[in-house]
Amino acid sequence: MHWKLLTYLEIQALDRATTVPILPVGAIEAHGPHLPLCTDDIISEAMAESACRQLPEYGLRGIILPTWSFNPAGFAREHSGTLHFSAATTRAMFQDLGDNLQAQGWRTLAVANSHFDPTHLESLKQALQNLPLQIAFPDLTRGQNARRLTAEFQSGACHAGQYETSIVLARQPQLVKDHQLPQVPHSLVEAMRQGKSTFAEAGGPRAYFGTPAQASPEEGRLTVEELGRILVEAIFSTTR
Ligand SMILES: [Zn+2]
Numbered sequence: 005m006h007w008k009l010l011t012y013l014e015i016q017a018l019d020r021a022t023t024v025p026i027l028p029v030g031a032i033e034a035h036g037p038h039l040p041l042c043t044d045d046i047i048s049e050a051m052a053e054s055a056c057r058q059l060p061e062y063g064l065r066g067i068i069l070p071t072w073s074f075n076p077a078g079f080a081r082e083h084s085g086t087l088h089f090s091a092a093t094t095r096a097m098f099q100d101l102g103d104n105l106q107a108q109g110w111r112t113l114a115v116a117n118s119h120f121d122p123t124h125l126e127s128l129k130q131a132l133q134n135l136p137l138q139i140a141f142p143d144l145t146r147g148q149n150a151r152r153l154t155a156e157f158q159s160g161a162c163h164a165g166q167y168e169t170s171i172v173l174a175r176q177p178q179l180v181k182d183h184q185l186p187q188v189p190h191s192l193v194e195a196m197r198q199g200k201s202t203f204a205e206a207g208g209p210r211a212y213f214g215t216p217a218q219a220s221p222e223e224g225r226l227t228v229e230e231l232g233r234i235l236v237e238a239i240f241s242t243t244r
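Counting in this note's numbering, the sequence shown runs from 5 upward without gaps.
Encoded structure:
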């Protein structure tokens with residue numbers, strides 16, 4: 005169920021106590037020579053749809069808001085096509101969205117985020133703290149969530165590698181170019197800790213890390229299932 009495809013009367017009729025708006029959050033940024041700029045959008049949308057499939061088990065249903073892509077993407081700013089926005093843009097958008105939802109009687113906002121630029125994550129967390137809504141936001145970079153995802157993701161080589169390429173292969177294989185690329189075994193997480201601020205400085209001049217050559221649609225499908233489960237559990241514990 006997609007928010008923007010409904011009529012105002014259909015939205016009006018939805019039960020606010022059991023329906024949860026889910027916002028996919030991504031970015032428009034370089035994802036190697038093989039994946040589209042909107043890779044994080046694709047992953048977050050897959051996570052939101054997976055959650056919608058699983059929510060009825062908990063007596064809930066999801067409604068997917070239009071994807072929000074205009075976020076800080078400083079690590080990829082040197083690569084063509086990347087659209088890099090200030091943290092203030094992210095904060096302002098969430099404030100306005102929260103006010104809209106509250107005014108229409110919504111109680112909870114769930115956030116499906118798969119864009120891990122440090123400035124973005126920080127602004128996202130700040131933005132969510134001030135909203136007049138209950139928030140379900142599982143931060144996938146935190147240990148308890150990361151441990152449920154793949155070994156490559158946990159290694160910190162989590163940009164346009166096996167993990168992300170697998171999900172795009174599962175969802176939109178026609179968008180994946182040749183991914184038989186040499187491994188780039190550097191941890192972005194470690195590079196961020198060392199104060200690096202671009203993909204090139206972090207050891208990934210072609211805007212990918214990890215092992216895209218090992219990607220498979222099967223892995224992508226399993227990951228999407230797990231991402232949905234993580235979001236559903238966060239929603240359930242927030243609305244209970
Ligand atoms: Zn990504």
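All C-beta atoms, glycine included, are put in the ideal place defined by N, C-alpha and C.
Proximity winner among the options, relative to residue i (alpha-carbon distances)
i: A55; options: F141, L192, Q176, Q158; result: F141
i: Q99; options: G232, P136, C42, A174; result: P136
i: T71; options: G208, A116, G207; result: A116
i: F213; options: A17, I15, H38, L10; result: H38
i: T145; options: A77, L192, G208; result: L192
i: S84; options: R210, E230, V236, Q133; result: R210
i: V24; options: I15, H6, P40, L64; result: L64
i: I239; options: E230, Q138, H6, K181; result: Q138
i: R233; options: E126, A77, A114; result: A114
Cα-Cα separation, residue i to residue j
i: A34; j: V228; result: 21 Å
i: L13; j: F157; result: 42 Å
i: L128; j: R95; result: 7 Å
i: A262; j: P60; result: Nothing can be reported for residue 262, as the shown portion of the chain is limited to 5 through 244.
i: E223; j: A204; result: 28 Å
i: L132; j: D143; result: 12 Å
i: I26; j: N75; result: 17 Å
i: I32; j: A80; result: 9 Å
i: Q166; j: Q178; result: 17 Å
i: T86; j: P186; result: 23 Å
i: Q16; j: A161; result: 44 Å
i: Q58; j: S73; result: 25 Å
i: E168; j: G36; result: 11 Å
i: A195; j: A52; result: 29 Å
i: L235; j: A164; result: 22 Å
i: I68; j: T112; result: 13 Å
i: Q176; j: V29; result: 18 Å
i: L173; j: K181; result: 10 Å
i: V188; j: A155; result: 15 Å
i: A77; j: H124; result: 7 Å
Residue i classed as buried or exposed, judged by whether at least 16 other C-beta atoms fall within 10 angstroms
i: S220; result: exposed
i: S103; result: Per the sequence shown, the amino acid found at residue 103 is Asp instead of Ser. Flag for D103 reads exposed.
i: R20; result: exposed
i: G109; result: exposed
i: S170; result: buried
i: E49; result: buried
i: L9; result: exposed
i: N134; result: exposed
i: S241; result: exposed
i: T93; result: exposed
i: H183; result: buried
i: T215; result: buried
Any non-hydrogen atom of ligand 3 closer than 8 Å to residue i Cβ
i: F157; result: This structure does not include ligand 3; its bound ligands are ligand 1.
Subject >> Meets three-Cβ-pair contact criterion under 8 Å: the region 196 to 204 and the region 144 to 151 >> reply: no
Original post:
Is the region 118 to 125 touching the region 39 to 48, taking contact as three or more C-beta pairs under 8 Å?
Top reply: yes
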